[in-house]
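Residue numbering for the sequence shown follows the numbering used here, beginning at 11 and increasing consecutively. Glycine is no exception: its CB is placed at the ideal position from the N, C-alpha and C atoms.
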Amino acid sequence: MSDVSRGQWNTRLGFILAAVGSAVGLGNIWRFPYMTAESGGASFVFLYVVLLFIIGIPVMLAEFVIGRSSQLSPVQALAQSSQRNWAPLGFLFVLTGFTILSYYSVIAGWTLQYMMDSLGTVFQDHSSEQYFQAISAGNRAIFFHLIFMGLTTGIVVAGVENGIERAVKVLIPLLVVLLAGLAVWAYRQDGAVEGYTYYLAPDVNKLIKSYSLGPLSVPFLNLEILSDAAGQTFFTLSLGMGAMLTYSSYLSKQEDLFEETLIISAFDTGVALLAGLAIFPIIHAFNLVEKVGESTVGTLFITLPEAFRTMGGWGMFLNFAFFAMLLLAALTSGISLLEVVTSSVIDEYGISRNVAATTSGLAIFLLGVPAALNTAWLSLADKIASNLLLLLGGFMLSVYVGWYMSAPAEELRRGLGWNISSLWLGLIRYVVPPVLFLLLMTGFWGLSQDLLAQALPGAGG
Ligand code: TRP
Numbered sequence: 011m012s013d014v015s016r017g018q019w020n021t022r023l024g025f026i027l028a029a030v031g032s033a034v035g036l037g038n039i040w041r042f043p044y045m046t047a048e049s050g051g052a053s054f055v056f057l058y059v060v061l062l063f064i065i066g067i068p069v070m071l072a073e074f075v076i077g078r079s080s081q082l083s084p085v086q087a088l089a090q091s092s093q094r095n096w097a098p099l100g101f102l103f104v105l106t107g108f109t110i111l112s113y114y115s116v117i118a119g120w121t122l123q124y125m126m127d128s129l130g131t132v133f134q135d136h137s138s139e140q141y142f143q144a145i146s147a148g149n150r151a152i153f154f155h156l157i158f159m160g161l162t163t164g165i166v167v168a169g170v171e172n173g174i175e176r177a178v179k180v181l182i183p184l185l186v187v188l189l190a191g192l193a194v195w196a197y198r199q200d201g202a203v204e205g206y207t208y209y210l211a212p213d214v215n216k217l218i219k220s221y222s223l224g225p226l227s228v229p230f231l232n233l234e235i236l237s238d239a240a241g242q243t244f245f246t247l248s249l250g251m252g253a254m255l256t257y258s259s260y261l262s263k264q265e266d267l268f269e270e271t272l273i274i275s276a277f278d279t280g281v282a283l284l285a286g287l288a289i290f291p292i293i294h295a296f297n298l299v300e301k302v303g304e305s306t307v308g309t310l311f312i313t314l315p316e317a318f319r320t321m322g323g324w325g326m327f328l329n330f331a332f333f334a335m336l337l338l339a340a341l342t343s344g345i346s347l348l349e350v351v352t353s354s355v356i357d358e359y360g361i362s363r364n365v366a367a368t369t370s371g372l373a374i375f376l377l378g379v380p381a382a383l384n385t386a387w388l389s390l391a392d393k394i395a396s397n398l399l400l401l402l403g404g405f406m407l408s409v410y411v412g413w414y415m416s417a418p419a420e421e422l423r424r425g426l427g428w429n430i431s432s433l434w435l436g437l438i439r440y441v442v443p444p445v446l447f448l449l450l451m452t453g454f455w456g457l458s459q460d461l462l463a464q465a466l467p468g469a470g471g
């Protein structure tokens with residue numbers, strides 16, 4: 011998109027569709043249930059929704075404000091827009107994009123395998139847990155990771171991202187219909203109620219945790235769950251690495267940025283919540299609690315085929331359709347990740363689009379090989395990317411917009427039908443940076459504990 015002449019979105023809908031295409035993906039359907047299961051259920055969902063309003067929406071507006079006012083790619087926007095040198099933030103974005111796409115593509119590769127194997131008899135002959143264990147790590151996982159990276163790179167090289175708008179227009183409604191149908195079906199299964207309780211009734215005992223400060227024991231919000239919820243907010247909304255910034259750099263000045271933000275985040279959150287409404291009742295109705303507990307990263311993949319299998323003749327067709335759509339949703343997100351990396355590399359080194367996209371794609375494939383060999387490594391990379399890199403990106407973006415950028419509130423007010431610019435600036439200055447800083451520290455601490463526990467079995471947390 012960032013070729014010779016700088017275009018603009020033809021229509022407002024075009025921009026919204028592309029942004030929704032970036033936001034809706036594995037983050038909603040694979041990661042949201044995974045993190046919910048990992049963090050013990052509804053408390054996580056509750057914190058995610060709270061953080062969406064006080065962090066997610068303000069940061070999305072911040073990216074839109076930078077992108078639209080500079081009309082430049084992230085690297086250039088940050089290098090040129092002020093007296094201070096913010097260029098390193100552009101490098102952080104590229105690093106983050108590399109990291110995320112490297113394992114995102116592995117999961118998309120699983121999706122591709124689930125789709126293709128629906129056509130055979132594997133799912134009739136094996137439990138989906140056995141299947142997941144067999145295909146999630148190893149040579150086959152590497153092969154399908156390669157296929158997905160090839161597809162993504164091919165699309166970015168060909169520069170046919172405009173097709174995305176059309177694809178998203180069909181894809182998202184279909185995905186919503188399928189998920190809603192599945193949720194209704196799940197509702198009618200015996201044992202579904204426990205799933206709803208787990209998913210939707212927050213437990214105060216999990217939300218609050220006692221921290222020991224010397225001799226004192228101080229109750230406070232559970233920071234681990236909070237930092238996971240913040241990581242999810244950034245991941246699912248494609249924030250913290252310049253993707254939304256890039257897309258908004260093609261926006262015209264008449265757009266109401268706040269309205270766009272509300273539409274995009276409502277869609278994105280709706281799809282995630284709907285996925286949970288389908289998955290958690292099924293986990294309980296089909297007695298999958300233990301299996302999911304052993305491999306939370308596989309929550310989605312262990313759950314759905316079990317349900318589809320019991321639906322008779324249509325089951326495997328639905329399994330195919332579901333994973334095909336998930337694959338497309340992953341593709342429209344993967345493209346947005348590679349697009350940021352590619353346009354930054356072009357701006358930085360002045361090389362052609364083909365070379366930039368192909369080299370980046372190849373490097374990302376190689377970086378993802380360890381994640382395709384070991385799901386524990388994949389989860390670790392995901393934690394580092396979401397809870398550290400994206401939060402760091404969001405922290406720096408908000409400090410930049412809140413304290414260094416000239417007249418951000420004026421930029422926001424252009425085209426705005428709502429009077430929220432001072433509320434927004436207040437959040438971006440005084441709320442977002444300290445909260446993200448605290449959660450970053452929590453993330454570093456948690457990660458160092460994990461590494462310590464690995465180095466010294468029996469020690470650490
Ligand atoms: N939001 C996408 C998803 O939920 C993933 C994604 C695309 C992303 N672009 C991003 C995440 C930029 C973080 C930053 O699947």
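Assign residue 278 to buried or exposed, taking buried as 16 or more other Cβ atoms, counted over all protein chains shown, within 10 Å of its Cβ. Residue environment: residue 278 is assigned as buried (16 or more neighbouring CB atoms within 10 Å of its CB, all protein chains considered).
Leaving out five residues before and five after residue 306 in sequence, what residues of the same chain have Cβ atoms less than 6 Å from its Cβ? Within the same chain, residue 306 has close Cβ partners 44, 47 and 48.
Answer with buried or exposed for residue 446, where buried requires no fewer than 16 other C-beta atoms within 10 angstroms of its C-beta. Taking every protein chain shown into account, the CB of residue 446 has 16 or more other CB atoms within 10 angstroms, so this residue is buried.
Proximity of residue 289 and residue 272 at Cβ, strictly below 9 Å: No, the Cβ-Cβ distance between residue 289 and residue 272 is not below 9 Å.
Do the segment 105 to 120 and the segment 146 to 159 touch if we need at least three Cβ pairs shorter than 8 Å? In short, these stretches touch, since the Cβ pair count reaches three.
Close beta carbons around residue 330, own chain, < 8 Å, minus the five adjacent residues each side: If we look at residue 330 and ignore the five residues flanking it on each side, its Cβ neighbours are 125, 128 and 129.
Residues bridged to residue 230 (per DSSP): Its beta-bridge partners are 219.
In the DSSP assignment, find the unbroken alpha helix (DSSP H) run with residue 99 in it and report its ends. For residue 99, the enclosing alpha helix (DSSP H) covers residues 97 to 127.
Any non-hydrogen atom of the ligand MG closer than 8 Å to residue 380 Cβ: Looking at this structure, you won't find the ligand MG anywhere; what it does contain is the ligand TRP.
Inter-residue Cα distance where the pair is residue 36 and residue 225: A direct Cα-Cα distance of roughly 44 Å separates residue 36 from residue 225.
For a test of the three-state rule: what should DSSP assign to residue 34, helix, strand or coil? Note: residue 34 maps to coil in three-state DSSP.
Shorter than 8 Å, the distance from the beta carbon of residue 424 to the closest heavy atom of the ligand TRP, or not? Incorrect: residue 424 has no Cβ contact closer than 8 Å to the ligand TRP.
In whole angstroms, give me the CA-to-CA distance for residue 360 and residue 54. In this structure, the straight-line span from the alpha carbon of residue 360 to that of residue 54 is close to 44 Å.
Could you check if residue 297 is buried or exposed, using at least 16 other CB atoms within 10 Å of its CB as the buried criterion? Flag for residue 297 reads exposed.
Mark residue 238 as exposed unless 16 or more other C-beta atoms lie within 10 angstroms of its C-beta, in which case mark it buried. Looking at its Cβ environment, which holds 16 or more other Cβ atoms inside 10 Å, residue 238 is buried.
Go ahead and label residue 178 buried or exposed: buried means 16 or more other beta carbons lie within 10 angstroms of its beta carbon, across all protein chains shown. With 16 or more other Cβ atoms from the protein chains shown falling within 10 Å of its own Cβ, residue 178 counts as buried.
What three-state label does DSSP hand residue 136 in the structure shown? It is coil, neither helix nor strand.
Local conformation of residue 43 per DSSP, three classes: DSSP, read as helix, strand or coil, puts residue 43 in helix.
Let me know if residue 397 comes out buried or exposed under the rule of 16 or more other beta-carbons within 10 Å of its beta-carbon. It counts as buried.
Given a threshold of 16 other Cβ atoms within 10 Å of its Cβ, counted over all protein chains shown, does residue 263 qualify as buried or as exposed? Burial call: exposed.
Look at residue 349 and residue 166 and say whether their C-beta atoms are less than 9 Å apart. It is a contact, given that the beta carbons lie within the stated cut-off.
Kindly confirm or deny that the segment 243 to 253 and the segment 103 to 110 touch, where touching means at least three C-beta pairs closer than 8 Å. Three or more beta-carbon pairs separated by less than 8 Å link the segment 243 to 253 to the segment 103 to 110, which places the two stretches in contact.
For residue 369, tell me which candidate among 182, 83, 163 and 67 has the shortest Cα-Cα distance. For the residues 182, 83, 163 and 67, the minimum Cα distance to residue 369 belongs to 163.
Which residue wins for smallest C-alpha separation from residue 414, given the options 394, 393 and 438? Residue 438 is the option with its Cα nearest to residue 414.
Contacts around residue 242, its chain only, beta-carbon distance under 6 Å, and the 5 residues preceding and following it disregarded: Answer for residue 242: 45 and 58, listed in chain order.
Please classify residue 390: does DSSP put it in a helix, a strand, or coil? Assignment of residue 390 by DSSP, reduced to helix, strand and coil, places it in the helix class.
Hey, residue 78 and residue 353: beta-carbon distance below 9 Å or not? For residue 78 and residue 353, no; Cβs fall outside 9 Å.
Distance, Cα to Cα, residue 416 vs residue 87? Note on geometry: alpha-carbon atoms of residue 416 and residue 87 lie some 13 Å from one another.
Closest to residue 321 by CA distance: which of 195, 149 and 102 is it? Closest option to residue 321, Cα to Cα, is 195.
Span of the alpha helix (DSSP H) around residue 403: In this chain, the alpha helix (DSSP H) harbouring residue 403 covers 401 to 409.
Taking just the CA atoms, how far does residue 120 sit from residue 295? Residue 295 and residue 120 have their C-alpha atoms spaced approximately 24 Å apart.
Helix, strand or coil: which one does DSSP assign to residue 50? Three-state DSSP puts residue 50 in coil, outside helix and strand.
Do residue 344 and residue 111 have their beta-carbon atoms positioned less than 9 Å apart in this structure? Yes, the Cβ-Cβ distance between residue 111 and residue 344 is below 9 Å.
Taking C-beta to C-beta, are residue 380 and residue 373 nearer than 9 Å? Cβ atoms of residue 380 and residue 373: not closer than 9 Å.
Here's the rule: buried if 16 or more other CB atoms are within 10 angstroms of the residue's CB, otherwise exposed. What is residue 176? Its Cβ having fewer than 16 others within 10 Å, residue 176 is exposed.
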